[in-house]
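Visitor: Residue numbers (my numbering): 21 to 343.
Given below as structure tokens:
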């Protein structure tokens, strides 16, 4: 039985039904000529979402991505150091002494998965530092994702791949030069490393890596060109946080701050979240709240799946991919 057949037969109520509705809405949006932004919060790259997301990119089911700096870099960490990762299924039972032992072995834990600092983080630092310095000396500047595109497409890392490269979503995005928005890139391992190299003088101009404000300016131009009444842009949000909060604001910014009246609202919205609705929690807010902020319209198809994104997202993608 195909995945989609299984899901449609068994997922009939509650969050299960919301998953089906959201996936079918995603397909309808694309079939009607729309484009889709996917936003990645949490540690979805370390959860190896690339296995399904890369195929979504290959089949042109995603036209733009917004992600945290962690998700940007962790897809590449996994690409070059997968064999050195360690899984800790009993992570809830670890003592402080056991956590200290992981630190001393340079194993940075993300829930049940440890990322090896030397094989992953430092290996990428050494390669990307060359690009930072090269751009800095040439008086050039690039977005964080563009530096990753450079090292991935250069071939310098090919010999280090430890997973099937078709399962790296960032490599697939690089091949297509897919636009990526990385708000708050400074809050990432490589962002910290970059700050260190600016402080030490290896990189002279802090603006060699372009900023979040420039990302918003880029997104404003991209949205203006790509969002029309005939081809609206949808918003598929995985998790909460800045990966979703930042880009969704481009629409009210265009309307309210630039006074543009001919800009369509987001044409589809879905969020996968385990954050419950509470006082002041934007990640837990129901989609209707976004109407009051000028992000969604009352007619916009809206879905919320209150569940674990590591389980739900690959299932939604499977339906969109007709698997």
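For every residue, glycine included, the Cβ atom is placed at its ideal position computed from N, Cα and C.
How should residue 136 be labelled, buried or exposed, when 16 other C-beta atoms within 10 angstroms of its C-beta is the threshold for buried?
Guide: As a first step, residue 136 must be located in the chain shown, where it is residue number 116. Answer is buried; the Cβ neighbour count reaches 16.
Visitor: Tell me which residues share the same chain as residue 77 and place their Cβ nearer than 7 Å to its Cβ, disregarding the 5 neighbours each side in the sequence.
Guide: The count along the chain shown starts at 1 and reaches residue 77 at position 57. The residues are 189, 192, 193, 196, 198.
Visitor: Specify the secondary structure class of residue 197 as computed by DSSP and reduced to three states.
Guide: For the purposes of this step, residue 197 is taken as the residue at position 177 of the chain shown. Note: residue 197 maps to coil in three-state DSSP.
Visitor: Could you check how far apart the C-beta atoms of residue 82 and residue 56 are, in whole angstroms? I think they sit under 8 Å.
Guide: Here residue 82 is taken as the residue at index 62 of the chain shown, counted from 1. Here residue 56 is taken as the residue at index 36 of the chain shown, counted from 1. Distance from residue 82 to residue 56 at the Cβ level is roughly 6 Å; contact confirmed, criterion being Cβ atoms closer than 8 Å.
Visitor: Output the residue ranges of the alpha helix (DSSP H) runs that lie fully inside the stretch 88-125 and measure 4 residues or longer, sorted by chain position.
Guide: 89-101, 116-124, all fully within the stretch 88-125.
Visitor: Among 329, 261, 140, which one has its Cα closest to the Cα of residue 182?
Guide: Residue numbering aside, residue 182 sits at position 162 when the chain shown is read from its first letter. That would be 140, whose Cα lies nearest to the Cα of residue 182.
Visitor: Identify, in the order they occur along the chain, each residue of the same chain with its Cβ nearer than 6 Å to the Cβ of residue 200, setting aside the five sequence neighbours on each side.
Guide: Taking the first residue of the chain shown as position 1, residue 200 is located at position 180. Excluding positions up to five away in sequence, the list reads 85, 165.
Visitor: If you draw a straight line from the alpha carbon of residue 313 to that of residue 147, how long is it in whole angstroms?
Guide: Locating residue 313 in the chain shown gives position 293, counting from the first residue. Locating residue 147 in the chain shown gives position 127, counting from the first residue. Distance between the alpha carbons of residue 313 and residue 147 is about 42 Å.
Visitor: Considering only C-alpha positions, which residue in the set 185, 145, 265 is nearest to residue 203?
Guide: Residue mapping note: residue 203 aligns to position 183 of the chain shown, counting from 1. Ranking 185, 145, 265 by Cα distance to residue 203 puts 265 first.
Visitor: Can you tell me whether residue 173 is buried or exposed, with buried defined as 16 or more other CB within 10 angstroms of its CB?
Guide: Position 153 of the chain shown, counted from the start, is the residue given in the question as residue 173. Classification for residue 173: exposed.
Visitor: By the DSSP assignment, the alpha helix (DSSP H) with residue 48 in it spans what residues?
Guide: Position 28 of the chain shown, counting from 1, holds the residue named residue 48. Segment 34-51, the alpha helix (DSSP H) holding residue 48.
Visitor: Look at the Cβ atom of residue 89, then the Cβ atom of residue 205, and state whether they are nearer than 8 Å.
Guide: As a first step, residue 89 is located in the chain shown; it is residue number 69 there, counting from the start. As a first step, residue 205 is located in the chain shown; it is residue number 185 there, counting from the start. Yes, the Cβ-Cβ distance between residue 89 and residue 205 is below 8 Å.
Visitor: In this structure, how does DSSP classify residue 335 when only helix, strand and coil are distinguished?
Guide: On the chain shown, position 315 is the one that residue 335 refers to. Correct three-state label for residue 335: helix.
Visitor: On the DSSP letters alone, give me the boundaries of the alpha helix (DSSP H) that residue 24 sits inside.
Guide: Sequence index remark: in the chain shown, residue 24 carries index 4 (1-based). Looking at the DSSP string, the run of the alpha helix (DSSP H) that includes residue 24 is 23-30.
Visitor: Under the three-state reduction of DSSP, which class applies to residue 64: helix, strand or coil?
Guide: Translated into positions along the chain shown, residue 64 becomes position 44. Here residue 64 sits in coil by DSSP.
Visitor: Hey, which unbroken runs of the alpha helix (DSSP H) at 4 residues or more fall wholly within the stretch 230-276?
Guide: 232-246, 262-268
Visitor: Alpha helix (DSSP H) containing residue 148: first to last residue?
Guide: In the chain shown, residue 148 corresponds to position 128, counting from 1. Start and end: 143-158.
Visitor: Going by alpha carbons, who is nearest to residue 344 out of 79, 32, 93, 54?
Guide: For the chain, the structure presents residues 21 to 343; residue 344 sits outside this window and is missing.
Visitor: Judging by CA-CA distance, which residue of 267, 157, 37, 244 is the nearest neighbour of residue 226?
Guide: Translated into the one-based positions of the chain shown, residue 226 becomes position 206. Nearest option by C-alpha distance: 157.
Visitor: Can you find at least 3 beta carbon pairs, one from the stretch 270-290 and one from the stretch 246-254, that sit closer than 8 Å?
Guide: yes
Visitor: Between the alpha carbons of residue 343 and residue 29, how many angstroms are there, rounded?
Guide: Here the question's residue 343 lines up with position 323 in the chain shown. Here the question's residue 29 lines up with position 9 in the chain shown. Using only the alpha carbons, I get a separation of about 14 Å.
Visitor: Between which residues of its own chain and residue 283 is the CB-CB distance below 8 Å, once the five residues before and five after are set aside?
Guide: The residue you call residue 283 lines up with position 263 of the chain shown. 243, 244, 247, 271, 274, 275, listed in sequence order.
Visitor: Give me the Cα-Cα distance between residue 237 and residue 280, rounded to the nearest whole angstrom.
Guide: Position 217 of the chain shown holds residue 237. Position 260 of the chain shown holds residue 280. Looking at the backbone, the Cα of residue 237 and that of residue 280 are separated by about 15 Å.
Visitor: Ignore the nearest five residues each way along the sequence and tell me which others in residue 224's own chain have a CB closer than 6 Å to its CB.
Guide: In the chain shown, the residue the question calls residue 224 occupies position 204. These residues qualify, in order along the chain: 156.
Visitor: Can you have a look at residue 116 and say buried or exposed, based on whether 16 or more other CB atoms are within 10 angstroms of its CB?
Guide: Counting from one through the chain shown, the residue named residue 116 turns up at place 96. The residue in question, residue 116, is exposed, as its Cβ has fewer than 16 Cβ neighbours within 10 Å.
Visitor: Look up residue 137 in the DSSP assignment and say whether it is helix, strand or coil.
Guide: Translated into the one-based positions of the chain shown, residue 137 becomes position 117. In the three-state reduction of the DSSP assignment, residue 137 falls in the helix class.
Visitor: Is the Cβ-Cβ distance between residue 332 and residue 47 less than 8 Å?
Guide: Translated into positions along the chain shown, residue 332 becomes position 312. Translated into positions along the chain shown, residue 47 becomes position 27. It is not a contact, given that the beta carbons lie outside the stated cut-off.
Visitor: What residue from 75, 120, 338, 67 has the CA that sits closest to residue 105's CA?
Guide: As a position in the chain shown, residue 105 is number 85, starting the count at 1. Of the candidates 75, 120, 338, 67, the one whose C-alpha sits nearest the C-alpha of residue 105 is 67.
Visitor: Is the beta carbon of residue 311 closer than 8 Å to that of residue 317?
Guide: Here the question's residue 317 lines up with position 297 in the chain shown. Here the question's residue 311 lines up with position 291 in the chain shown. For residue 317 and residue 311, yes; Cβs fall inside 8 Å.
Visitor: Could you spell out the range, first to last residue, of the alpha helix (DSSP H) harbouring residue 220?
Guide: Stepping through the chain shown from its first residue, residue 220 is reached at position 200. Its alpha helix (DSSP H) spans residues 209-220.
Visitor: Hey, quick one: how far does the alpha helix (DSSP H) through residue 72 stretch, first residue to last?
Guide: On the chain shown, residue 72 is found 52 positions in, with the first residue counted as 1. Taken as a continuous stretch (DSSP letters only), the alpha helix (DSSP H) holding residue 72 covers 70-78.
Visitor: Based on Cα-Cα distance, which residue from 45, 260, 178, 103 lies nearest to residue 59?
Guide: For the purposes of this step, residue 59 is identified with residue 39 of the chain shown, where counting begins at 1. Measuring from the Cα of residue 59, the nearest candidate turns out to be 260.
Visitor: Buried or exposed for residue 180, going by 16 or more other Cβ atoms inside 10 Å?
Guide: Looking up residue 180 in the chain shown gives position 160. Burial call: exposed.
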